[in-house]
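I have placed the structure first, in the form of structure tokens, so that the comments after it can refer back to it.
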Amino acid sequence: MMKIAVVSDTHWQPGTPLPKVLQLIEQQQPDLILHTGDWTSLQLWGYLARIARVQGVAGNCDGAEVVSEMGLLRLVQADDVTLGLTHGHLFGTAELTARRAFVGQPVQAVIYGHSHVPMNVVEDGVLYFNPGSAFRPLGEIKRPSFGVLTVNGAEISGEIIYFDK
Ligand SMILES: [Zn+2]
Numbered sequence: 074m075m076k077i078a079v080v081s082d083t084h085w086q087p088g089t090p091l092p093k094v095l096q097l098i099e100q101q102q103p104d105l106i107l108h109t110g111d112w113t114s115l116q117l118w119g120y121l122a123r124i125a126r127v128q129g130v131a132g133n134c135d136g137a138e139v140v141s142e143m144g145l146l147r148l149v150q151a152d153d154v155t156l157g158l159t160h161g162h163l164f165g166t167a168e169l170t171a172r173r174a175f176v177g178q179p180v181q182a183v184i185y186g187h188s189h190v191p192m193n194v195v196e197d198g199v200l201y202f203n204p205g206s207a208f209r210p211l212g213e214i215k216r217p218s219f220g221v222l223t224v225n226g227a228e229i230s231g232e233i234i235y236f237d238k
């Protein structure tokens, strides 16, 4: 059993207050944290890494340093589940990117961001999960959010957690 916190599109700038989502992730006591890009500053990685191990990818708003450090595509193994991580800007929209980025690869979940709109759907046995943005929410609900994935052997399920700024 693994609990994974997922956060995306934090767009955090050093010198501004730390994102509230850090406390909320810490309260979840996750085994692993995934960040799907648009960090803006990799300093946030350091704060997340104090809570749990962090894996992530770079987004379109990230500089060359973040891209070379994190890459644009990543496979993460959690128990018996293989997760594909990508930001969501590689193939047009975030939704299209999520469905195209790992074609032909045995992933049970695609974790992405970019649209700032949460998504938590299973299609053809694959979980497509976007935690939304902890910084600037878009879409109908427009509340900041992050995600929690629960992995139990080969089973994975996702939950979007909304909060107020
Ligand atoms: Zn983006």
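Sequential numbering from 74 applies to the sequence shown in the numbering used here. Every residue gets a Cβ at the ideal spot worked out from N, C-alpha and C, and that includes glycine.
For residue i, the residue or residues it bridges with in DSSP
i           : result
residue 232 : 221
residue 106 : 78, 127
residue 147 : 158
residue 184 : 158, 202
residue 138 : DSSP, once it has assigned bridges, lists no residue as partnering residue 138.
Inter-residue CB distance, residue i and residue j (contact presumed, cutoff 8 angstroms)
i           : j           : result
residue 186 : residue 167 : 7 angstroms
residue 105 : residue 126 : 5 angstroms
residue 158 : residue 109 : 6 angstroms
residue 191 : residue 207 : Contact flag wrong, Cβ pair sits at about 11 angstroms.
residue 220 : residue 229 : That belief does not hold up - the Cβ atoms of residue 220 and residue 229 are roughly 12 angstroms apart, past 8 angstroms.
residue 128 : residue 149 : 5 angstroms
residue 142 : residue 124 : Actually they do not touch by this definition, with Cβ atoms about 19 angstroms apart.
Unbroken beta strand (DSSP E) run spanning residue i, endpoints
i           : result
residue 158 : 154-159
residue 168 : No beta strand (DSSP E) holds residue 168; the alpha helix (DSSP H) holding it covers 167-173.
residue 196 : 192-196
Neighbour-count burial assignment, residue i, 16 or more Cβ in a 10 Å radius
i           : result
residue 176 : exposed
residue 214 : exposed
residue 94  : buried
residue 255 : As shown, the chain starts at 74 and ends at 238. That puts residue 255 outside it, with no answer to give.
residue 91  : exposed
residue 194 : exposed
Alpha helix (DSSP H) segment containing residue i, residue limits
i           : result
residue 240 : For residue 240 there is no data in the structure shown, the boundaries of the chain being 74 and 238.
residue 122 : 116-122
Beta carbon shell of ligand 1 at less than 5 angstroms from a heavy atom: Selection around ligand 1 by beta-carbon proximity, strictly under 5 angstroms to any non-hydrogen atom, yields 111, 132, 133, 187 in chain order.
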